[in-house]
Amino acid sequence: MTTTATRSAPEPNDPPDGTTGALAVNQLRKSYGAVEVLHGVDLDVQPGERVALMGPSGSGKSTLLNCICGIEPADAGQILISGADLTKMNAAELERTRRESIGYVFQSFHLLPTLTARENVEFPGQLIGLAARERRERAGALLDQVGMSHRAEHLPDALSGGERQRVALARAVMNSPRLVLADEPTGSLDSVIGDQVLELLQTISDELNIALLLVTHDTDCARICHRTVRLHDGRIAKPD
Amino acid sequence: MPSFVSSPIWRVAFALLTKSTLRHWGQAKGSYLLIIAIVALGVGSLNGIRQASRAATANFGLFNEAISGRSDFLIEAPAGPIRETQLPGLAPLSRQPDWHLLPVIEGPFTQVSADGEPQRLLRLIGLDLVAVANLPTFIDREFAFGQAESRWNDWVGAAPRVWISSSLAADSGLKVGDSLRGAVGGRMHELEVAGMLGDADNPVPEDLLIADLPAAQAILTRVGEIDRIEAVVNDRAARQSPARMAEIEDRVRALLPEGLVFRAAAERIAERADMTAAFRLNLTILSLIAILVGAYLILQALDTAVVRRRAELATLKSLGVGQRALFLTLMLESLLIGTLGSILGLGVGVLLASGAVHLLADTVNALYFATSVEAIRMSGVDIATGLAVGIGFSLFAGLLPARDAMFTPPAQILSRGDWSPGFVWLRRPWTGLALVGAGLLCLLLPPLPLAGGARLPLGGFLAAGCGIIGAALLSGQTLVWIARACQRVAVGAATKLALSRLADGSSRHRLAVAGLVVAVAMVTGMVQMVGSFRVSIERWFDVRFQAELYVSERTAGGASAVNGIAPEVLQAVTTGPAVTFADTLYISPVGAPSGRTYLGGVDLGAWSGRVAQIWIKDPGALAPAADAQPAFISETFARRFDLMEGGKITLATPTGSRDVTPIGIYADYGNEFGSAVIAAEVWKQWIQADRAINTSLYLQPGTDANVVRDALRLRFPGLEIRNAQELRTLALGIFEQTFRVTSALNGIGLTVAIVGLALGLFSLFAESAGTWATLRRIGFPAKSFALTAGVEGAGIALAAWLSGTFVGLCLGWLLIYVINVQSFGWTLVWHLPVGAFLGLGASLVVFGFLAGALTGAWHRRGLS
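If you read the sequences in order, they're chains C and W. Once you know that position 80 of the first sequence is 80 in this note's numbering, the rest is easy, because the numbers rise by one and skip nothing. Here this note's numbering runs 1000 ahead of the position in the second sequence, where the first position is 1.
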């Protein structure tokens, strides 16, 4: 189903063509001191499209992801999220973009420990000032979608790894972002639970038309994506 | 609610406060209750001392106020009492219908038990009771005393009768007609209780003793004298009108005879308040130090909380929570801690004040003037001050952790482990150097003159504050140097690991050292000052007090609560067969160019030879000025009036302005206002008095002083007669009492700093959780774990002790040679209690090791 750095043939899950992409990275360069980590990376992700980003350790995957979510500034190039250029934004605008346009799924979940599962999902909505009722309804629906309604009032400590990642998934899409960045989302889970989480990611992406950039070492994870992009020494590898 | 509260940042901060912060509080109730208790203790110390010192000094005012109501104006002699010969001049004033004149005499009366032991100090007020009974203010009070007005002729001129407070009657079991036994001026008196004053609705001070004016004059052996005349305006509505009061004041001034001075009654209260201004200020500064150290503890505790919530903060950053929202959340947490702690502290303050008030009253009695304790009251200003200080210091303490939280990176970066701690500036020396430099510059500031003649060594205090904090910030480098030196000889993996961490000198290591340095420096400095003071006083005692017996009036109060020894009693005491020489001291407060001071009368010839002194300038070393009375002056007097190299000063005495010129300067640790002594005969002429304050008896060689003492005690039960050892014990007792508050605050400061070290270690180890987890996985044994953590704790304590001792030595120098000299004008012998320093160091290192080992073990248990 997936190819390397090429879009797959049109299938039911193929992304719709859009005039404005969910993510466009143009000639992105990033250095740490004298060492250039990203050498002019280009990457486009369309709304609803799922792209796997693979590459060996030290290839620059994490740096690229951090630049895309505005945590690390790029030295040169452009990063457009739904048409808005991150490289031109100030700190407050970057924070707002992270709140409103990007969802993030971590390998180690990073749920807020004092908040229940429902409150964790509601929290991004609170950040953007969503009305309490709307927040509750949406969080309830998302928890239902990820199969966690029955654990909604539990604290993260009381949840298993798979359950935590489901809650994290719901939290990532709470504010209906155009783009979800998932960094090894199954890295802390066993294969069975990992598969369930991947299926959820796929379902949510399809149902909510959310673009997904999935960073992984595992080729099996890439099966839910429309295409795979390989990063090697800070450059997008040419397709085989 | 202000509109900004609904802004996104505030909304997020409030959400985080309720959903995260308060839930963390719920999970660690003990820790947060402790932090709130620390704020409460700090606010309580400050407010408690404020309220206690106010209650202990408030009752020095016009004791007859409880009976006659507040007076509006006072007529007094420029110095000393008003003579009855001056009263005819007041006739035009007394004929005015707008005010009543009320002559008053007051003095101490020591209640004595049946077996002759002093029980309590009472204030005997002599009033013209007929005049009092006619006062409009008096009629309102409805005292039983007023109802006896119709029979006033029964008691005028009768045997001494007194009215006592109902509370004293209840405490002493006295009834109307009973006899109240007591001593005044060295003589015993039996006074008949004529009635009780006051009840729950009209309370009067417990120590109030009212007598008719002639009776009081007789008891106080001051016939023909009154202390002041109080003027009470009849039209009480006029008091509310400044214009009307000014008009009355002008009329009183116009009618005032020569030789008497006029002032508003409120000025007298203010003058007494001025006398203790420095004392109260010192207490306030000490209590502020306590709360400052408390703020450090709050800082450490909040920092620990931030470190423990680091991952959560990082996640929040990843979710798009901004820096300002995180900063605001942490500051709101500090605000909440400060508010809760301050409210609790207001209550703690009342409790502490209740405990400290008698201690402070005793100190004020011993050092300044007769006072008694009144009920502890919390004013609106106390509440505002407590809340402002508690909340202010909590917010100040929360700044660094909040700033640290603000700079927490998003989870993506934190998990990569390449983030450096937020207190990076602590690793740079500039702030510390700037503060030390500012402190040195502050030393150039002259002392600030306070009303009443006291001086505030503002520059010294600022230099101490800047120097301590600046040096504390620099002291982290000591830790690095010690660790690097030890690394060369270290053996064993655990020790090497600990030393490598210390040698790295992280910001948190430096913060832990800095906090402890402040406490060690403060304790070391204060121990030196108190020790130096004690050594100086002991040396002074050894030289100054060579007589065999010391005689003074028997009172339950301190040195200031005396009426003086009646001349015939003095004559009898000093002319006994065993006495070869009596060094008699007469003393009186007099006016000085700034505030007031004391003028004494002695045998100047004996002082130049037989009576030993510690001379700062030997008798005759200073050339006397022409047309001025030669005097020996105390060092405090010399420094206060700039007479160290001689000169002349004009003093206001009851007989007019008089010039004195120093011919020698002696050490005297008796009072901070200074004193000059002239020939006794001249003193009697100038002051128009003949009651001595004390006399020292030099006995025939071979005489058993205790036998003479016992014989004198039997003959003069109203006198206090002590041998040299007893006097020394008494004086050192007063000294210990004076510094008890200092010692208590020192203890609080050190305890708080040690708890701060433990909290600092918690932060350190929490921040190193990754390292500990790795070590555990590679099989690092539990013992080695504890050893590593223990060595870290001990290293921090050792570095803090070395740096703190150095800073403390500088502080000791500052306290002794700058602050003490500027405040009190006396030079102390610098005493270094080396044993105490070493003991403190050893205790700190042991505690540091134990705290480190236990904290490390606790963290290890929590590792997965």
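Yeah, the Cβ is synthetic: ideal placement off N, Cα and C, and Gly gets one too. Please read these numbers as outputs of a predicted model, since none were measured by experiment.
Length of the line joining the Cα atoms of residue i and residue j
i, j, result
"C69 (chain C)", "C225 (chain C)", "20 Å"
"D42 (chain C)", "A24 (chain C)", "8 Å"
"L189 (chain C)", "G161 (chain C)", "6 Å"
"A1514 (chain W)", "V1818 (chain W)", "25 Å"
"L1336 (chain W)", "L1344 (chain W)", "12 Å"
"T1495 (chain W)", "C1486 (chain W)", "10 Å"
"F1847 (chain W)", "A1794 (chain W)", "7 Å"
"P12 (chain C)", "G48 (chain C)", "In this predicted model, P12 (chain C) has a pLDDT of only 33, less than 50, meaning its place in the structure is not dependable; the value taken from the coordinates is given anyway. So the alpha carbons of these two residues sit roughly 12 Å apart."
"S1803 (chain W)", "V1707 (chain W)", "55 Å"
"R1308 (chain W)", "W1858 (chain W)", "14 Å"
"A1503 (chain W)", "F1785 (chain W)", "18 Å"
"A1353 (chain W)", "V1520 (chain W)", "27 Å"
"G1505 (chain W)", "F1806 (chain W)", "20 Å"
"I1843 (chain W)", "F1735 (chain W)", "Ile is not the amino acid found at residue 1843 (chain W); the sequence shown has Ser there. Roughly 27 Å between the two C-alpha positions."
"D1140 (chain W)", "S1552 (chain W)", "Note on D1140 (chain W): pLDDT 48, under 50, position unreliable in the model; the coordinate value appears next. Cα-Cα distance, rounded: 42 Å."
"S1475 (chain W)", "L1046 (chain W)", "29 Å"
"I1082 (chain W)", "V1104 (chain W)", "10 Å"
"A1652 (chain W)", "L1387 (chain W)", "45 Å"
"D1303 (chain W)", "V1489 (chain W)", "33 Å"
"Q1546 (chain W)", "L1719 (chain W)", "20 Å"
"P1406 (chain W)", "L1448 (chain W)", "For the sequence presented, residue 1406 (chain W) should be read as Met rather than Pro. Those two C-alpha atoms are separated by around 42 Å."
"R223 (chain C)", "L1787 (chain W)", "51 Å"
"E1084 (chain W)", "P1630 (chain W)", "31 Å"
"D75 (chain C)", "R96 (chain C)", "21 Å"
"P56 (chain C)", "Q78 (chain C)", "24 Å"
"G1808 (chain W)", "V1436 (chain W)", "14 Å"
For residue i, the residue or residues it bridges with in DSSP
i, result
"R1510 (chain W)", "Partner(s): none; R1510 (chain W) has no beta bridge."
"R1722 (chain W)", "W:Y1550"
"V1530 (chain W)", "Answer is none; V1530 (chain W) lacks a bridge partner."
"E1225 (chain W)", "W:R1083"
"L1599 (chain W)", "W:S1588 and W:A1676"
"V51 (chain C)", "C:L213 and C:R227"
N- and C-terminal bounds of the beta strand (DSSP E) containing residue i
i, result
"N1820 (chain W)", "Run containing N1820 (chain W): none in the beta strand (DSSP E); it sits in the alpha helix (DSSP H), N1820 to F1824."
"K30 (chain C)", "L23 to Y32"
"G1476 (chain W)", "G1476 (chain W) -> not in any beta strand (DSSP E); alpha helix (DSSP H) instead, spanning G1476 to Q1487."
"R1123 (chain W)", "P1118 to L1127"
"G1664 (chain W)", "G1656 to Y1666"
"W1830 (chain W)", "Per DSSP, W1830 (chain W) belongs to no beta strand (DSSP E) and is neither H nor E."
"N1694 (chain W)", "N1694 to L1699"
"F1262 (chain W)", "V1261 to A1264"
Where the alpha helix (DSSP H) through residue i begins and ends
i, result
"P124 (chain C)", "A117 to L127"
"S1803 (chain W)", "A1782 to L1814"
"H1189 (chain W)", "Looking at the DSSP string, H1189 (chain W) is not in any alpha helix (DSSP H); the run it does join, the beta strand (DSSP E), is R1187 to L1197."
"V1491 (chain W)", "First-last for V1491 (chain W): undefined, no H or E at that position."
Own chain, CB closer than 7 Å to residue i, minus 5 neighbours either side, in chain order
i, result
"I1618 (chain W)", "What sits at residue 1618 (chain W) in the sequence shown is Asp, not Ile. Hits under 7 Å: G1664."
"I128 (chain C)", "R99, E100 and N175"
"R1610 (chain W)", "F1581"
Own chain partners of residue i with C-beta closer than 6 Å, once the 5 adjacent residues on each side are dropped
i, result
"S1334 (chain W)", "S1394, L1395 and G1398"
"L212 (chain C)", "R50, V180 and S205"
"V1791 (chain W)", "T1495 and A1498"
"S1318 (chain W)", "P1410 and A1411"
"R1181 (chain W)", "V1112 and E1190"
"A170 (chain C)", "V121, L142, L143 and V146"
"I1226 (chain W)", "I1082, P1103 and I1105"
"Q1119 (chain W)", "Q1111 and S1113"
Beta-carbon proximity list for residue i, same chain, < 8 Å, skipping 5 on both sides
i, result
"A1218 (chain W)", "P1160"
Please specify which runs of the alpha helix (DSSP H), each continuous and at least 4 residues long, are wholly inside the stretch 71-101 of chain C, giving them in chain order.
91-100
Which runs of the beta strand (DSSP E), 3 residues or longer, sit entirely within the stretch 207-235 of chain C?
211-215 and 227-232
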